[in-house]
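Protein chains: 2
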Amino acid sequence: MRSFAPLLSIKSLLMNGTEILGYAAGAITSLTFLPQVVKTWKERSAKDVSLLMFIIAAVNEVMWIGYGTLRSDWVIIATNAVVLIMSLTMIFLKLRFNK
Amino acid sequence: MRSFAPLLSIKSLLMNGTEILGYAAGAITSLTFLPQVVKTWKERSAKDVSLLMFIIAAVNEVMWIGYGTLRSDWVIIATNAVVLIMSLTMIFLKLRFNK
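Line by line, the protein sequences are chains Z and P. 203 is the number of the first residue of the first sequence in my numbering; add one for each residue after it. 203 is the number of the first residue of the second sequence in my numbering; add one for each residue after it.
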């Protein structure tokens with residue numbers, strides 16, 4: 203019943219807003235590489251795409267998944283698992299269509 | 203003096219390790235787009251690069267900076283500010299060298 207106190211309500215609303223913004227940002231992060239995967243798959247050309255970028259991203263996602271596991275933070279684990287799959291897909295596509 | 207208790211020491215070491223992993227992961231995240239910026243700048247060609255990917259990334263960084271601001275988390279703010287600058291640079295390079 204504490205949440206009926208006006209100040210706590212505002213604080214609670216603001217915290218919920220922050221959490222929602224965090225989840226929304228995480229959801230969009232997980233989709234960032236998707237347009238590149240689709241474009242490269244369609245055009246079968248990846249000459250201009252940086253292989254190093256996706257290798258760094260893949261290693262980095264493994265680090266984030268480790269961090270998420272140590273903190274038992276499933277949002278971080280899930281978000282970075284999706285980005286890891288996208289990064290590995292792009293590494294595969296880059297090696298296949300590097301012309 | 204509590205940290206001299208063996209179990210708390212191990213817990214504290216593990217927490218420090220987790221924090222260090224988080225900072226290291228954040229530092230690498232901020233550099234992810236750098237190889238693509240350098241490659242595109244050198245080769246003056248960005249035909250195969252997805253514009254949509256970097257537009258999504260830029261909007262997403264603004265969301266993360268908002269989230270970091272609301273949580274007063276300077277690691278999130280700084281990391282995403284660097285990635286925002288890289289994303290805007292890639293949008294500029296893509297529009298300039300889209301051939």
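Beta carbons are placed, not taken as given, at the ideal position from N, Cα and C, and that holds for glycine. Every value quoted in this text rests on a predicted model; they were computed, and no experiment measured them.
Residue state for P/Asn282 is assigned as helix, using DSSP reduced to three classes. With fewer than 16 other Cβ atoms from the protein chains shown falling within 10 Å of its own Cβ, Z/Glu245 counts as exposed. DSSP places Z/Arg298 within a helical segment (H, G or I) once states are collapsed to three. Scanning its chain for C-beta atoms nearer than 6 Å, with the 5 sequence neighbours on each side dropped, one finds around Z/Thr291 the residues Val239, in chain order. Look at the stretch 212-258 of chain P and you find these whole runs of alpha helix (DSSP H), each 4 residues long or longer: 236-245. Within the stretch 229-251 of chain Z, the residues whose Cβ lies closer than 9 Å to some Cβ of chain P are Ile230, Thr231, Leu233, Thr234, Phe235, Leu236, Pro237, Gln238, Val239, Val240, Lys241, Thr242, Glu245, Ser247, Ala248, Lys249, Asp250 and Val251, listed in chain order. Residue contact with chain Z for P/Trp276: absent (no Cβ-Cβ distance below 8 Å to any residue of chain Z).
Here P/Ser289 is near P/Ala259, since their CB atoms are less than 8 Å apart.
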